[in-house]
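Single-structure report; data block below.
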Amino acid sequence: MAADSEVPASKASVHGRRDELTPVESDPDAHLTLWQAIKKWRRVVLYCVGLTSGILMFGYDYVIVGTTSAMPSFQKDFGERLAGRWILPSLWLGLWTLASPAVSILSSLAAGWFQDWYGRPASPAVSILSSLAAGWFQDWYGRRACLALGSFLSAAAVAICYVSNLPSDIGQRRGLFLAGKGFQGGAIGIVMTTTQTYMSEIAPPILRGPLLAFFPTFALLGQLIGAAVIFGCLELDNGYVLCFASQWPFSAVPLLMAFLIPESPTFLVRKNKLQLAYKAQERLSSSGADARQTIETIRRNIEHEKRTARARYTDCFRGTNRRRSLIVMFASLLPQMFGLTLLAKGSYFCQVVGMDSSTSVLVLILGLVCGLVANLSSVWISSRVERRRLILISLAIITVLWAALGIAGIWGGPAVVWYTAVTMILVVVVAGLGVWPASYTVGSETSSLHLRARSQGVGWLTSGGGWSRGEGSRLGYSQLPVGT
Numbered sequence: 001m002a003a004d005s006e007v008p009a010s011k012a013s014v015h016g017r018r019d020e021l022t023p024v025e026s027d028p029d030a031h032l033t034l035w036q037a038i039k040k041w042r043r044v045v046l047y048c049v050g051l052t053s054g055i056l057m058f059g060y061d062y063v064i065v066g067t068t069s070a071m072p073s074f075q076k077d078f079g080e081r082l083a084g085r086w087i088l089p090s091l092w093l094g095l096w097t098l099a100s101p102a103v104s105i106l107s108s109l110a111a112g113w114f115q116d117w118y119g120r121p122a123s124p125a126v127s128i129l130s131s132l133a134a135g136w137f138q139d140w141y142g143r144r145a146c147l148a149l150g151s152f153l154s155a156a157a158v159a160i161c162y163v164s165n166l167p168s169d170i171g172q173r174r175g176l177f178l179a180g181k182g183f184q185g186g187a188i189g190i191v192m193t194t195t196q197t198y199m200s201e202i203a204p205p206i207l208r209g210p211l212l213a214f215f216p217t218f219a220l221l222g223q224l225i226g227a228a229v230i231f232g233c234l235e236l237d238n239g240y241v242l243c244f245a246s247q248w249p250f251s252a253v254p255l256l257m258a259f260l261i262p263e264s265p266t267f268l269v270r271k272n273k274l275q276l277a278y279k280a281q282e283r284l285s286s287s288g289a290d291a292r293q294t295i296e297t298i299r300r301n302i303e304h305e306k307r308t309a310r311a312r313y314t315d316c317f318r319g320t321n322r323r324r325s326l327i328v329m330f331a332s333l334l335p336q337m338f339g340l341t342l343l344a345k346g347s348y349f350c351q352v353v354g355m356d357s358s359t360s361v362l363v364l365i366l367g368l369v370c371g372l373v374a375n376l377s378s379v380w381i382s383s384r385v386e387r388r389r390l391i392l393i394s395l396a397i398i399t400v401l402w403a404a405l406g407i408a409g410i411w412g413g414p415a416v417v418w419y420t421a422v423t424m425i426l427v428v429v430v431a432g433l434g435v436w437p438a439s440y441t442v443g444s445e446t447s448s449l450h451l452r453a454r455s456q457g458v459g460w461l462t463s464g465g466g467w468s469r470g471e472g473s474r475l476g477y478s479q480l481p482v483g484t
């Protein structure tokens, strides 16, 4: 693993404090093309491709658990009969909507603690108390243990949702499903936080942007697969049960990867397990690479950072790490800034402005496909264009698109309905080419190495605030009459 440059070499001898300011991380591969870097670090790329199974699980779960409430079979088992129709009580619908992201945020914070002690793989959390317990566990066992635990808990959560229709009492069925959704949200928060931290630690700087672009790409792919499964099971008796069961393979693959990947060398160095770190780095490096030199670079970088801060959440907001943490928080809010929450509900929003339901589903699928292509293209773009330029240019274009849509809302008619659909697809494409994948890269590589796990927890907590704002917007436009 290569590391990020911290201080220009020309400034290393200021006031004779060479030991404190000498750059301890550098990128010797900066001159390589993307394809050359992939060939040199092919093992890192393969491990990261395997870890995308956790990202797929996130996208797939987002659609499956979030959309089953619209399935007739689910409404029959969990709803009430009113005026000849099955409906879901608004209270329970709101609780189900809140449960998964709320617990996911708590578990992300816990994952930051857990990873620093046990490795990048997983940590459990369904409440504040269990989050603290998971944090203690992570701080001892590392990234791989954290990933394994999160995947196992995800499988357990799927089992809870799968049997939630068995109780005879309607209240018990609803409560059991709520517990399953909350548990699943916590498990996925652990897996996502761990995956992002692990990938950012093992990837060399030249590949960090392209590899972290996997997050929006495979999240969209998971959503696309989930939408297809929902569509296929829509009219089946107990079709939602089959949808829940289909989540188990997505939990099994990350669990398998936890046993296949090497532990993060950065974590092992922090634990002073240098021999294990050498072995882990040898599994990541290509033949002929000097694993010991890489480990020595990581060690010096961590020692350099430890002089100014310890590894606690409060240390994320002290000294120079305060600015780093604020940048991580800003990067975590970027998806909400370009309207990801609204885009996720794009099908429903199109119906609000006057589009029929079947056409709105086609628009949703088209948007997912276009976004997937754009994010795949960003793998190459992010290796050629600097992060800040990508973010600024794409956000500027998206601002113009949303402003034009707002102005178009002054009028009515079919033309405005279609203009709305086209605009939302264009926003997905522009964001997928720039700000969306770049936000993951900036959020992952900005923090110092010894605070990276905790910084990811802070970032996911911040994204939860943006999610709340997005849900508030959804409640606002959902009250509008159709065609408004």
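When the letters of the sequence shown are read in order and numbered with the UniProt record's numbering, they come out as residues 1 to 484.
We put the beta carbon where it would ideally sit given N, CA and C, even for glycine.
Neighbour-count burial assignment, residue i, 16 or more Cβ in a 10 Å radius
i	result
residue 266	buried
residue 259	exposed
residue 223	buried
residue 320	exposed
residue 249	exposed
residue 314	exposed
residue 201	buried
residue 168	exposed
residue 63	buried
residue 272	exposed
residue 153	buried
residue 397	buried
residue 91	exposed
residue 205	buried
residue 386	exposed
residue 284	buried
residue 399	exposed
residue 70	exposed
residue 78	buried
residue 380	exposed
residue 124	Bear in mind that the predicted position of residue 124 carries a pLDDT of just 31, short of 50, making it unreliable; the figure below should be weighed with that in mind. Label assigned to residue 124: buried.
residue 129	Residue confidence is low: residue 129 scores 38 on pLDDT, short of 50, so the model does not pin down where it sits. No coordinate-derived value is stated.
residue 33	exposed
residue 122	The predicted model places residue 122 with a pLDDT of 32, which falls under 50 and marks its position as unreliable; any figure quoted below should be read in that light. Buried, because 16 or more other Cβ atoms sit within 10 Å of the Cβ of residue 122.
residue 20	Residue placement at residue 20 is poorly supported in this model, since its pLDDT is 41, which falls under 50; the coordinates are not used for a value here.
residue 290	exposed
residue 126	At residue 126, the pLDDT of 37 sits below 50, so the modelled position is not reliable; the number obtained from the coordinates is stated separately. Residue 126 is buried by the Cβ-count criterion.
residue 428	buried
residue 410	exposed
residue 55	buried
Strand pairing of residue i, partner residues [DSSP]
i	result
residue 80	87
Alpha helix (DSSP H) segment containing residue i, residue limits
i	result
residue 143	143-162
residue 209	205-212
residue 327	320-337
residue 239	239-245
residue 261	Counting along the chain, residue 261 falls outside any alpha helix (DSSP H), and DSSP gives it neither H nor E.
residue 442	435-445
residue 201	170-202
residue 406	387-408
residue 289	It is not in any alpha helix (DSSP H) - residue 289 carries neither H nor E in the DSSP assignment.
residue 167	Element bounds for residue 167: n/a, residue is neither H nor E.
residue 35	34-40
residue 342	340-344
residue 234	Where residue 234 is concerned, there is no enclosing alpha helix (DSSP H), given that its DSSP letter is neither H nor E.
residue 267	265-270
Cβ separation of residue i and residue j, assumed to be a contact under 8 Å, to the nearest whole Å
i	j	result
residue 393	residue 432	Rounded, the Cβ-Cβ distance is 13 Å, inconsistent with contact.
residue 515	residue 264	Outside the displayed range of the chain (1 to 484) lies residue 515, so it cannot be described from this structure.
residue 459	residue 331	7 Å
residue 220	residue 59	6 Å
residue 324	residue 446	5 Å
residue 213	residue 375	6 Å
residue 216	residue 436	5 Å
residue 401	residue 426	6 Å
residue 61	residue 336	The pair is not a contact, with the Cβ atoms about 20 Å apart (cut-off 8 Å).
Three-pair Cβ contact test at 8 Å for the region 201-214 versus the region 436-444:
Verdict: yes, contact present.
Is there contact between the region 325-341 and the region 293-302, where contact requires at least three CB pairs shorter than 8 Å?
The region 325-341 makes no contact with the region 293-302; the number of CB pairs closer than 8 Å stays below 3.
Tell me, please, whether the region 354-363 touches the region 182-197 by the rule of three or more beta-carbon pairs shorter than 8 Å.
The region 354-363 vs the region 182-197: no contact.
Can at least three beta-carbon pairs, one atom from the region 410-417 and one from the region 227-238, be found at a separation below 8 Å?
No, because fewer than three Cβ pairs between the region 410-417 and the region 227-238 fall closer than 8 Å, the two stretches do not touch.
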